[in-house]
Amino acid sequence: MHILLSWLEDFVEIKESPNELADALTMAGMAVDAVERDLGETIFEFDITSNRPDALNHLGMAREVAAIYRRSLRLPAADLHEQAIPASSRASVAIEDPHACARYVGRVFEDVRVEPSPDRIRRRLELCGVRSINNLADLTNYVLLEIGQPTHAFDLDKLAGQRIIVRRARSGETLRTLDGIPRELSPAHLAICDAERPVALAGVMGGAETEITDTTRNVLLEAAWFSPSVIRKASRHFKLHTEASHRFERGADWQAAPQAADRIGAMLHQSGRGSLLAGRIDCYPRRQPLDTVQLLREQVRQHLGIALEDSEIESILTALGFAPTPTSVGWQVPCLSSRLDVTRGIDLVEEVARIHGFSRIPSTLPAVGAAPAATANEREEERMRAGVRALGYDETIGFSFISSEDARRFGGAGAVELRNPLSRLWDVMRNSAVPTMLQSLQWNLRRNRAELRLAEFGRIYRRSAETYREPRILALGASGSARPATWSDRAPRFSFHDLKADVTALLSPYSCGPLRFDASGIPDYYDLGQSASVRGGERTLARFGRISRTIAGERKLRQPVWIAEIWLDEVYACGLAEPAHRPLPRVPAVSRDFSLLVPESVQYQRITEAAGTIQDVERTEAVEIYRGKNVPRGRYSLLFRVWWQRLDESLTDESVNSHAEKLLSRLASRLGIKLRA
Amino acid sequence: MSIEDKTRLPILGLMADGNTPEGLYESLREAFESEVGAASAAGLESLRNRWLGRRSGLLAAANENWLKAAPRELKPVVGRLQNALRRHSDAALKAAVKAAAAPARRTSEVDPTLPGPARPFGAVHPVRRALEDVLRIFRPLGYNVVEGPEIETFFYNFEALNFPPDHPAVDEMDTLFLKDGMLLRTHTSPCQVRVMESSQPPLRCVVHGKVYRNDTPDATHSPMFHQLEMFAVDETITFADLKGTLEHFVRNFFGPGTRARFRPSYFPFTEPSAEVDITCPFCSGSGCRICKHTGFIEVLGCGMIDPEVLRHSGLDPERYRGFAAGFGLDRFAMLKYGIDDILLMYQGDTRFLAQFR
Ligand SMILES: [Zn+2]
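Top line first, the protein sequences correspond to chains A and B. To convert a position in the first sequence, counted from 1, into our numbering, add 414. To convert a position in the second sequence, counted from 1, into our numbering, add 1.
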């Protein structure tokens, strides 16, 4: 909003430079965005918060200046020179919906001459960004910018029956507004009507049919008070944001309506372009009572942490237009119709604080509260993040929105749909972190970044029955080599087992029990031949694998990409394992290697389980796996290393031999594994 | 003439050819020095015999043919020269032998400037980094860390926070709604109410997490971003405490020279409300493009918790007061690390992320 320095000076003395004034107003809560000069005038560009409609005009802003510097305020004059004929003899006003329109003030002007406004008025309007139209329309805009009350001038002779009826529009009624656009009205909208039809959209915009024209002779001026919510609905419905609607929806001052009507009447008379009939038509069916609030001296101190002098408090309130009456504990302060934001003692505390100056309130630190409780899963989360970081995954954050198509494909049913989505590609909350991770992988691959390790700690969103759940998830994305190639080493491609190793490492600090990996329950966006789910006890902790060729093809991923989904709530629920020390053996372990021919149907885990049943086995290793020449069809060759260990004594050759024999016979009988010749 | 030949000739003959005794001994010394410098460790012993051998050494020959053969008047001079050279060669040889016995410094077999196989740590996202920095400041002051649901009710997001019904303040939030009337929280403030409902003061809390606005993405707007809110509720909390706490915070986050400026503003859930500007971290307040030459940058909103919010949360506003402050973590990260496009935060571009390893 633009405010002109010279216009402010009509109402308050200003000794400060424009920049000093701008700073002072900003520090009192009237934020000046810019100070400009144009046509020899200083223009302040304000950004006024939505609770202060009273400051959206020059008089209101002058009142702030007067309060800051404690100077006196000169109110705009309204010297009325009325004709003998009463206005009520020429026009009448009725309000059918007093809730939506609490007051409607009318004034009648006769024998007006419609012509361009004098230069002084045109210039002020234009500097404030308002187009000059004619002297009548300009006067309404001038007074709007001066004291904040929106008004409207009708061509009285075009009002059927010379009547104004403020009522809800009827279904099917239409109105061509001043911008020339026909509007379909409904009972949701408040209309200003004449005896036959709507002639204005109340508080938003007038109608074209009753507009002031060069031939207008007689004028009915409207100054009314409309309910903010009614105006807001209409303004939103028609996407019509006007100077009038902007003020009404923030709350106008019903006591300003007669003032505005009088001010316009006085100015018109002064210009000699029309005569003012006697009296206002003041239709005022709903008077809104104003409370008196109590401001406690103690309240000011308790909120601000500083004791202000009574005289300072009284002087601030008075300068702002309040009329405080002292009591033994503070003041009784009647509310103002111009300040609908001030209804409680605390609101007055704020007024006192901002005019006194926030910078004059001291800075203290409150006592430290009780020792903070640990955040839920804080340690578990810290550990997981440290692991992800150590493994070299770069942390990403993806948007929580995905397309409903991706939601069906990657998350199944139960996606949370948005009523007003930003776009069709973002119409649901993600129920899987996979599409977001795929996007990030794709983004990088398209930019020739082929070595990727990405991790996202986030949430997914699900609807179940009547509630929403937002489970935490860790998504890993990997592509490229298992480790970077160097000048001495070629790097192997990233594989299933590389990802398995990372997932295992990340899960290892938690008490989830032994991890079980199998290929059951894998959704088909994974390559079912190269993926697994991970269970610990009863919990499903994660699933991971290579993204299917179909998905990779659709998204034009030109190299294999791998994804892991780790259900953090499940993992964290297991808790972190507390380390427990076991004594170290006194003698080193001994190992034996076995070259085995294993049927293809036997998974490695069954071999280690069988080895686990043999006495003194400390650990086992798969040293090498080979398929091909000299290995019979249907089998693979496994070089299997077993370490034996007793805590207190060395194992003799005889006992190792006997353990080895037992192992081989178990492998043979249970799993059909033969020793390679 | 070789050194050997020279030492075999009598001194008078050499002098007749124009040599002086000093010149003769100087030429011997030069020959000795160059042989010692070139000798290997093994060669040093034979060098000793060649020069200092008692009978056939070069110095013995000089003793015989130059000193002993010198006429009487030259003897003191030649004798002094002979002795000086003997002492010098003896000491020099001993030093050379000692140096040869010390182990040689091995030269490098690797090229230390070649890279090893890279094993970089993963990046910590700038938003997370900023969050951790903030928590490091507030935890020692006794603040608990809380996260709340992102899918919220209209009540917690607006009504409980004292948004007037049908007021432009609600529109300003550009809310994203779900089909059943629930919404995506537009700020972290609903969590204030949730915490106050479930726990009794004194309270010191930090709430953080994702928030959403129906904003078209551009360099300064993102429909999803991260907010952090801190609040304290107690019997004696004042606006002065709010000022002190935030001044402490911005100094620790942006640097010790950072000053905070409190401007009155409006939020439905605080009264009095303020916006906080800090001295521009890019120009230290002298004015630059980023602060639009004002020297200040607006970074957060704050205020005393409105008594209505306390009441909605089941606390007695006659007894308790509180303050609250909230800000965008993305914006803090952008200011701290000089990031000029918020959308970089959500693309997962490793060229960006790698700068935060
Ligand atoms: Zn700057």
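All residues carry an ideal CB built from backbone N, CA and C; glycine is no exception. Because the structure is a prediction, the values reported are computed rather than measured.
| field | CB contact check: residue 882(A) to chain B, cutoff 7 Å | value | yes
| Residues of chain B with CB under 9 Å from residue 836(A), in chain order? | 177, 215, 216, 217, 218, 224
| message | Quick test of your reading: residue 939(A) and residue 815(A), contact by CB under 8 Å. State the CB separation rounded to the nearest angstrom. | response | At roughly 19 Å, the Cβ-Cβ gap does not stay under 8 Å, so residue 939(A) and residue 815(A) are not in contact.
| field | Reference residue 91(B), options 41(B), 34(B), 111(B), closest by Cα | value | 34(B)
| task | Could you tell me which chain A residues have their CB closer than 9 Å to the CB of residue 280(B), listed as they occur along the chain? | result | Going along chain A, no residue has its Cβ under 9 Å from residue 280(B), so there is no contact; the nearest lies around 14 Å.
| field | the stretch 979-998 of chain A touching the stretch 943-954 of chain A, judged by at least three CB pairs closer than 8 Å | value | yes
| task | Starting from the C-beta of residue 153(B), find all residues in its chain whose C-beta is less than 8 Å away, skip the five residues before and the five after it, and write them out in chain order. | result | Excluding the 5 residues flanking it on each side, residue 153(B) has same chain C-beta neighbours closer than 8 Å at 183, 184, 185, 186, 191, in chain order.
| Does the stretch 995-1008 of chain A touch the stretch 893-908 of chain A, meaning 3 or more C-beta pairs lie closer than 8 Å? | no
| query | Any Cβ of chain B within less than 7 Å of the Cβ of residue 770(A)? | reply | no
| In whole angstroms, what separates the C-alpha of residue 117(B) from that of residue 868(A)? | 22 Å
| said: Quick check on residue 1039(A): buried or exposed, where buried means 16 or more other Cβ atoms within 10 Å of its Cβ? | reply: exposed
| field | Cβ neighbour criterion (16 or more within 10 Å) applied to residue 595(A) | value | By the neighbour-count definition (other C-beta atoms within 10 Å, threshold 16), residue 595(A) is an exposed residue.
| Cα separation between residue 978(A) and residue 866(A)? | 13 Å
| task | Using the Cα positions of residue 479(A) and residue 231(B), report the straight-line distance between them to the nearest angstrom. | result | 34 Å
| task | Run down chain A in chain order and give the residues with a C-beta less than 7 Å from the C-beta of residue 235(B). | result | 780
| request: Count the other CB atoms, across all protein chains shown, that sit within 10 Å of the CB of residue 135(B); report buried if there are 16 or more and exposed otherwise. | output: buried
| request: Determine the closest residue to residue 942(A) out of 710(A), 891(A), 961(A), 955(A), with distance taken between C-alpha atoms. | output: Of the candidates 710(A), 891(A), 961(A), 955(A), the residue whose Cα lies closest to the Cα of residue 942(A) is 961(A).
| said: Spatial neighbours of residue 873(A) within its chain, please: C-beta separation below 7 Å, excluding the five flanking residues on both sides. | reply: 884, 885, 886, 887
| query | Near residue 443(A), which residues of its chain fall below 6 Å by C-beta distance, leaving aside the five closest residues on each side in sequence? | reply | 768
| query | Any idea if residue 851(A) is buried or exposed, counting beta-carbon neighbours within 10 angstroms, 16 or more meaning buried? | reply | buried
| request: Return yes when at least one heavy atom of ligand 1 lies under 6 Å from the C-beta of residue 283(B), else no. | output: Yes, the Cβ of residue 283(B) comes within 6 Å of a heavy atom of ligand 1.
| task | Could you please give the first and the last residue of the uninterrupted alpha helix (DSSP H) stretch that includes residue 145(B)? | result | From DSSP, residue 145(B) is part of no alpha helix (DSSP H) but of the beta strand (DSSP E) over 145-147.
| query | From residue 243(B) to residue 778(A), what distance separates their C-alpha atoms? | reply | 8 Å
| CB of residue 340(B) to nearest heavy atom of ligand 1: below 6 Å? | no
| task | Closer than 8 Å by C-beta to residue 277(B): which residues in its own chain qualify, once you throw out the five before and the five after it? Chain order, please. | result | 247, 251, 261, 262, 263, 264, 299, 300, 301, 302, 303, 326
| Can you list, in chain order, the residues of the stretch 249-265 of chain B whose Cβ is nearer than 8 Å to any Cβ on chain A? | 249, 262, 263, 264, 265
| task | Step through the CB atoms of chain B and report whether any lies within less than 7 Å of the CB of residue 807(A). | result | yes
| Range covered by the beta strand (DSSP E) that runs through residue 211(B) | 204-213
| query | When the distance is taken between beta carbons, is residue 928(A) closer than 7 Å to residue 990(A)? | reply | no
| If you measure from the beta carbon of residue 555(A) to each beta carbon in chain B, is any gap under 7 Å? | no
| query | Hey, would you say the C-beta of residue 206(B) is under 6 Å away from at least one heavy atom of ligand 1? | reply | no
| said: To test your reading of the DSSP string, which unbroken alpha helix (DSSP H) runs of 4 or more residues are found completely within the stretch 920-970 of chain A? | reply: 963-968
| field | For residue 52(B), the first and last residue of its enclosing alpha helix (DSSP H) | value | 44-53
| Based on Cα-Cα distance, which residue from 512(A), 1075(A), 975(A) lies nearest to residue 1006(A)? | 1075(A)
| query | Given residue 598(A), which residues of its chain have a CB within under 7 Å of its CB, disregarding the five upstream and five downstream residues? | reply | Within the same chain, 588 come within 7 Å of residue 598(A) by CB-CB distance, once the 5 residues on both sides are set aside.
| message | By the 8 Å beta-carbon criterion, what residues does the stretch 338-353 of chain B contribute toward chain A? | response | 346, 347, 348, 349, 350, 351, 352
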